[in-house]
Structures are given as structure tokens and as C-alpha cells.
Amino acid sequence: MGSPTLGRGQPDLVRGDVACKEGKGSKLQVLDQEDRMSPLRFGLLLFPGVTQLDLTGPAEVFGNVAGSEVHLLWKTGEPVATGKGWKIVPTTTFDRCPPLDVICVPGGSGQIALMDDPEVLDFLRTQAEQARFVTAVCTGALVLGAAGLLRGYRATCHWMSLDQLALLEAVPVPDRVVRDRNRITGAGVTAGIDFALTVVAELCGPGHAQTIQLAMEYDPRPPFQSGTPSLAGPALVAQVTEAASARQTARLAATERAAARLACAGAT
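792 is the number of the first residue of the sequence shown in my numbering; add one for each residue after it.
Here is the structure:
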């Protein structure tokens, strides 16, 4: 029996017979008959300390692609506690994971430990070899970087950690969603929905992504204009930065260790 997935039984918001794939020159091409017979497989890393919305926002979007398989991935099948303590059950373990069309790493405080975890980094490298898109949301981009998967790529992540991407040989870009070849990254937390719609548009065409966006009634109109550092102003930025200072210190240390490993690997 195969591993359970989240994408089965969803409404036909995006029909599989008109799915697309990326061809040469980054242009969309209609899938051939053989490809249409296979579901699009999305895999999202579910790890202790993950930010729930980083994970479930994209999973909700991907699960609305008709016939898709959405795998929540971890080392074991035991429930995993998110950063807020809520538990989510993985649907697929690393050793049972099929080849994925899209591999996605969310962010969260637990991301720090992943950067020093060879099992996780090896799994990401293996999946990246055949994935159509290698992706991340929020500080998950730093995990991709630690695996050496963002070298020379433009990328984004949460604004507090954006500058750390350069230590991992990526090119930091302060945009909400950044695509560079087959790497797609989203900024902090809520950007995961924008990110996922972008991924669906690349795989299946903009019209299909628009259908999902409407079905989800995704039309964000925040009550306050404080969602980015430039909008929030210096005082609020300083307050939020100070509150996260201990975590950011630990995150930077993990990034520096990963950068040192990348440098050693590059020298051999």
C-alpha cells in the first residue's frame, strides 16, 4: 500500500488534462500523454518547530491541483510538533518518498537544527536531482542553501534572515517571491500562498493558478500597513528584531557553520 497523501479527493479546480511542464528556455509546454497519466507530486518538509502556515498555506494551494499528490515528509511517521506546539502527522517518510515534481522546505525555529542535519540535507539533494522545481518558504531557503542548492541562484526568505543567504553563495533579493531557473523561493510566512500560486502557474499555467486563487478567495487586505520593514517603520522593526534576537543569533551561527562546510566542499 502506498503512502497516504493530502492531494487526493480534491475538487477539480485544475484539470490534469491541461497541465503543463517547463520546457527549454523556461517556457511552458503542454505535458505529453505519458506525463498526463502521472500525478504532480508535491513534497513539503514537516519538521519539529516548523511554522505551521509556512507548511499548510502552500499545501492547501498544491492540494487544489486536481489529481495531485501532496506529501508531508519527515524521517518517521510520528506526529510532529510545530513551532506553536500543534502536532501534524507526516504522510510519507524519507525512505518511502517517491520522486517529486516539487520539493519545498518551509521555515520555522526548527529550521536551525536542519542546517546541521546530514540526513535532511542528503534527502533534499537527492530529490533536487530530478525535481522540476526546488523551492522554499521563509527561512526554509537557508536549509536549501545549507544543502548547496542555492549556489549562484537569486533567492528570498524572511526579511530578518535575507542577508544570510549571501553566506550560502546565493544572491539575496528582497521580493515576496523570487524565481531563478528551477528555484522558487518565498519570503516570510504569509508569502507562502503567493509562492505556491506562482509554482502552480509555472507548472500548469496562470489560468489554473487564478482558478485556485479565486476558489480560496485569496484577496489579502491587511488591517494594518506594517507587513514589511519599509511599511512598519524603524521603531516597530527594532521591536520585532529585538524580540527575535536570540533565535537570530542561533540561526546565524548555523548559517555560518553551513557556509564553512560549503567552502570546504568547494575547495576539494
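Idealized CB from N, CA, C, for every residue including glycine.
This one's a predicted model, so the numbers in the text were calculated from it and none came from an experiment.
Looking only at its own chain, which residues have a Cβ that is under 6 angstroms from the Cβ of residue i, when we skip the five neighbours before and after it?
{"i": "K818", "result": "Residue confidence for K818 is low, a pLDDT of 33 falling below 50, so the modelled location carries little weight; the figure read from the coordinates is stated next. The answer is none, since no qualifying residue turns up."}
{"i": "E1047", "result": "none"}
{"i": "T976", "result": "A927, A932, A946, T947, V969"}
{"i": "A919", "result": "V925, L940"}
{"i": "A992", "result": "A1000"}
{"i": "V1028", "result": "P1020"}
{"i": "C964", "result": "According to the sequence displayed, residue 964 carries Val and not Cys. Once the five neighbours on either side are set aside, the close Cβ partners of V964 are R945, T947."}
{"i": "D971", "result": "Y944, R945"}
{"i": "F986", "result": "V928, V968, G977"}
{"i": "A982", "result": "R967"}
Excluding five sequence neighbours on each side, which residues of the same chain lie with their C-beta closer than 7 angstroms to the C-beta of residue i?
{"i": "T745", "result": "Absent from the structure is residue 745, since the part of the chain shown begins at 792 and ends at 1059."}
{"i": "L988", "result": "V852, A1000, I1003, Q1004"}
{"i": "L912", "result": "A937, A938"}
{"i": "V1031", "result": "none"}
{"i": "E825", "result": "At E825 the pLDDT is 45, less than 50, meaning the model places this residue with poor confidence and gives no usable figure here."}
{"i": "S900", "result": "G840, G874, R1038"}
{"i": "L1053", "result": "G939, L959, E960"}
{"i": "K878", "result": "P870, V871, A872"}
{"i": "K815", "result": "Only weak support is given to the placement of K815: the predicted model assigns it a pLDDT of 32, under 50, and the value that follows is read from those uncertain coordinates. Once the five neighbours on either side are set aside, K815 has no close Cβ partner at all."}
Expressed to the nearest angstrom, what Euclidean distance is found between the alpha-carbon atoms of residue i and residue j?
{"i": "F853", "j": "A1044", "result": "33 angstroms"}
{"i": "N973", "j": "R1012", "result": "30 angstroms"}
{"i": "V980", "j": "C929", "result": "6 angstroms"}
{"i": "V990", "j": "Q843", "result": "19 angstroms"}
{"i": "A1051", "j": "A1037", "result": "22 angstroms"}
{"i": "S829", "j": "S1017", "result": "43 angstroms"}
{"i": "C1055", "j": "A1049", "result": "10 angstroms"}
{"i": "G1057", "j": "R916", "result": "16 angstroms"}
{"i": "I894", "j": "A922", "result": "7 angstroms"}
{"i": "R827", "j": "I984", "result": "Residue placement at R827 is flagged as unreliable, the pLDDT there being 49, under the threshold of 50; the coordinate-derived value follows with that caveat. Answer to the nearest angstrom: the Cα atoms are 25 angstroms apart."}
{"i": "L837", "j": "M906", "result": "14 angstroms"}
{"i": "V821", "j": "V856", "result": "Unreliable positioning characterises V821 in this predicted model, as indicated by a pLDDT of 34, which lies under 50. The coordinate reading is nonetheless provided below. Rounded to whole angstroms, V821 to V856 spans 16 angstroms at the Cα level."}
{"i": "T777", "j": "G876", "result": "Any answer about residue 777 is impossible in this case: the structure gives the chain only from 792 up to 1059."}
{"i": "G943", "j": "Y1009", "result": "33 angstroms"}
{"i": "E813", "j": "G996", "result": "The predicted position of E813 is uncertain, since its pLDDT is 39 and thus under 50; a value taken from the coordinates is nonetheless stated next. Cα to Cα, E813 sits roughly 10 angstroms from G996."}
{"i": "D886", "j": "P870", "result": "17 angstroms"}
{"i": "D845", "j": "T873", "result": "10 angstroms"}
{"i": "D823", "j": "D908", "result": "The predicted position of D823 is uncertain, since its pLDDT is 40 and thus under 50; a value taken from the coordinates is nonetheless stated next. In a straight line, the C-alpha of D823 is about 38 angstroms away from that of D908."}
{"i": "A961", "j": "A978", "result": "15 angstroms"}
{"i": "L835", "j": "E1033", "result": "30 angstroms"}
{"i": "F914", "j": "G998", "result": "33 angstroms"}
{"i": "L831", "j": "A1026", "result": "45 angstroms"}
{"i": "P1014", "j": "D966", "result": "21 angstroms"}
{"i": "G898", "j": "H949", "result": "9 angstroms"}
{"i": "G858", "j": "L935", "result": "27 angstroms"}
{"i": "E910", "j": "V880", "result": "19 angstroms"}
Would you list the residues sitting across from residue i in a DSSP beta bridge?
{"i": "C895", "result": "L835, T926"}
{"i": "G977", "result": "V928, V968"}
{"i": "K878", "result": "A872"}
{"i": "P963", "result": "A946"}
{"i": "T883", "result": "L864"}
How would you write the range of the alpha helix (DSSP H) that residue i sits in, first residue to last?
{"i": "R916", "result": "909–919"}
{"i": "G843", "result": "Just to set this straight, residue 843 is Gln in the shown sequence, not Gly. Residues 843–854."}
{"i": "C995", "result": "982–995"}
{"i": "A1034", "result": "1025–1034"}
{"i": "A904", "result": "902–905"}
Would you mind reading off the limits of the beta strand (DSSP E) that contains residue i?
{"i": "L864", "result": "860–865"}
Report all residues from its chain with a CB closer than 8 angstroms to the CB of residue i; omit the five preceding and five following residues, and keep chain order.
{"i": "A1041", "result": "I903"}
{"i": "A1035", "result": "M951"}
Practice prompt. Please confirm if the segment 952–962 is in contact with the segment 992–1012, defined as three or more CB-CB distances below 8 angstroms between the two stretches.
Written response: no
Discussion item. Within 8 angstroms, do at least three Cβ pairs link the segment 888–896 to the segment 1019–1032?
Written reply: no
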